[in-house]
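If you're matching positions, the sequence shown starts at 3 in my numbering and goes up one per residue. Note that beta-carbon positions come from the ideal geometry of N, C-alpha and C, so glycine has one too.
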Amino acid sequence: MKNESLVEKGSLYLPGSYSTVSQNVDNLFYFTFLISIFIATLMFLVTVYFLFKYKKTKDNPKAKIQLTHNNVLEVTWTVIPLIIVMIIFYWGFIDYLKLVVSPDDALEIRVTGKKWYWEFYYPDSGAESTEDLYVPVGQPVKLVMSSVDVLHSFFIPNFRVKKDVQPNRYSNVWFEATKEGSFQIFCTEYCGDGHSSMLANLHVLSKSEYKDKMEELSMGDDLPLDLLGEKLYKKQGCFSCHSIDGSDLVGPTWLGLYGAERQFEDGSSVIADDNYLRESIVYPAKKIVKGYPNVMNSYAGLLDDRELNALIEYIKTLK
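Put into structure tokens, the structure is as follows:
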């Protein structure tokens with residue numbers, strides 16, 4: 003499904019609103035916005051009026067009236083802004099509580115931020131996904147979030163939810179989708195070179211489709227090797243450094259990799275066969291492809307034989 007457009011739908015200032023709390027946020031935004039416009043316009047008009055009314059001329063070398071004190075005026079310009087600010091504060095605090103206190107029946111999903119992708123774990127089913135978050139429509143969802151490296155920030159514009167994701171601690175945010183479809187997720191805290199590409203997709207499904215998707219994502223041992231490799235490509239974050247469409251990222255693309263000749267920094271070369279691919283995953287620093295930095299971490303002990311074979315089989319399919 004194509005992501006909901008952030009510019010074609012919605013209002014002049016805000017994208018489409020599709021959660022149970024998003025309209026509350028919008029209402030407060032527009033109230034504050036319109037009040038600000040009203041006050042700014044009023045101040046401008048009063049200023050222009052005074053410029054002409056008390057304009058210095060030959061016949062009137064100074065202002066007709068010099069005010070040094072006026073209790074009514076001072077009380078007016080103090081009390082009215084105070085009332086407006088307190089209305090905004092109370093309104094904002096009530097909406098803040100709605101955003102941070104999740105319903106008791108909320109579906110819990112764990113979110114992990116990594117440089118530079120999002121990983122999602124569904125405790126109820128044991129399923130995992132990377133780049134794609136799946137939730138059922140009409141069901142409160144609580145996200146329990148943390149980071150494994152630096153500060154990130156999880157933002158879904160269409161649902162008006164945003165929360166910092168910090169290392170070594172948990173932060174929570176919740177929402178309830180009111181419309182099926184796909185929506186964009188951003189990281190809105192600068193987190194390094196790949197920050198701009200730290201995107202994910204939120205897929206809101208019907209409850210039956212959500213159940214089927216959880217069963218699909220939970221598949222492991224019965225999954226064919228190439229499909230398991232595709233799953234690991236996302237789960238292990240390989241996509242953040244290696245493309246599958248031929249484009250250059252931090253590391254070489256996987257498109258057309260198997261069977262191709264690889265040139266290394268030390269001047270040697272080798273054909274990319276099964277042994278080379280396995281060594282590159284387990285001990286990536288042994289052979290550095292010419293033109294690319296030595297930045298890949300070793301996956302020794304992190305992947306078992308079946309997972310290594312699965313990644314190799316997946317690479318073979320990318321022709």
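- In this structure, residue 37 lies near residue 86, with their beta-carbon atoms less than 9 Å apart.
- As summarised for the region 125 to 157, the continuous beta strand (DSSP E) elements at least 3 residues long and confined to that stretch are 129 to 132, 134 to 138, 143 to 149, given in chain order.
- Below 8 Å, enough C-beta pairs join the region 200 to 208 and the region 108 to 120 to call them touching: three or more.
- DSSP places residue 265 in the strand class (E or B) of the three-state scheme.
- For residue 73, the enclosing alpha helix (DSSP H) covers residues 73 to 102.
- By DSSP's assignment, residue 114 forms a beta bridge with 121, 148.
- Residue pairing by DSSP puts residue 202 in a beta bridge opposite 187.
- Between the beta-carbon of residue 174 and that of residue 146 there is about 6 Å, and that keeps the pair under the 8 Å contact cut.
- Taking C-beta atoms as the reference points, residue 318 and residue 278 fail to come closer than 9 Å.
- With a 10 Å radius around the Cβ and a threshold of 16 neighbouring Cβ atoms, residue 254 comes out buried.
- Nearest to residue 285 by alpha-carbon distance, out of 191, 178, 302, is 302.
- For the pair residue 312 and residue 257, the CB atoms are not nearer than the 9 Å cut-off.
- The alpha carbon of residue 161 has as its nearest neighbour, out of 84, 23, 12, the alpha carbon of 23.
- Ranked by Cα distance from residue 232, the first of 19, 314, 273 is 314.
- When Cβ pairs closer than 8 Å are counted between the two stretches, the region 167 to 183 is seen to touch the region 12 to 20, the count reaching three or more.
- Residue 283 carries a helical assignment under DSSP once its states are collapsed to helix, strand and coil.
- Residue 166 carries a strand assignment under DSSP once its states are collapsed to helix, strand and coil.
- Counting only unbroken stretches of 4 or more residues, the alpha helix (DSSP H) elements lying wholly within the region 211 to 257 are 227 to 237, in sequence order.
- Taking the Cβ atoms as the reference, residue 138 lies roughly 5 Å from residue 209, within the contact range of under 8 Å.
- In terms of Cα proximity to residue 165, the closest of 189, 198, 61 is 189.
- Per DSSP, residue 13 lies in no alpha helix (DSSP H) segment and is marked neither H nor E.
- Counting along the chain, no alpha helix (DSSP H) covers residue 300, and no H or E run does either.
- In this model, residue 149 and residue 300 are separated by some 20 Å (Cα to Cα).
- Between the alpha carbons of residue 193 and residue 243 lies a gap of roughly 15 Å.
- In the three-state reduction of the DSSP assignment, residue 179 falls in the strand class, which pools E and B.
- At a Cβ-Cβ threshold of 9 Å, residue 114 and residue 236 do not count as neighbours.
- Counting along the chain, the unbroken alpha helix (DSSP H) around residue 24 starts and ends at 24 to 55.
- Residue 207 is bridged by DSSP to 138.
- Bounds of the beta strand (DSSP E) holding residue 273 are 271 to 273.
- As the crow flies, the alpha-carbon of residue 4 is around 27 Å from that of residue 126.
- Per the C-alpha coordinates, the member of 280, 320, 298 positioned closest to residue 309 is 280.
- The Cβ-Cβ distance between residue 198 and residue 6 does not fall below 9 Å.
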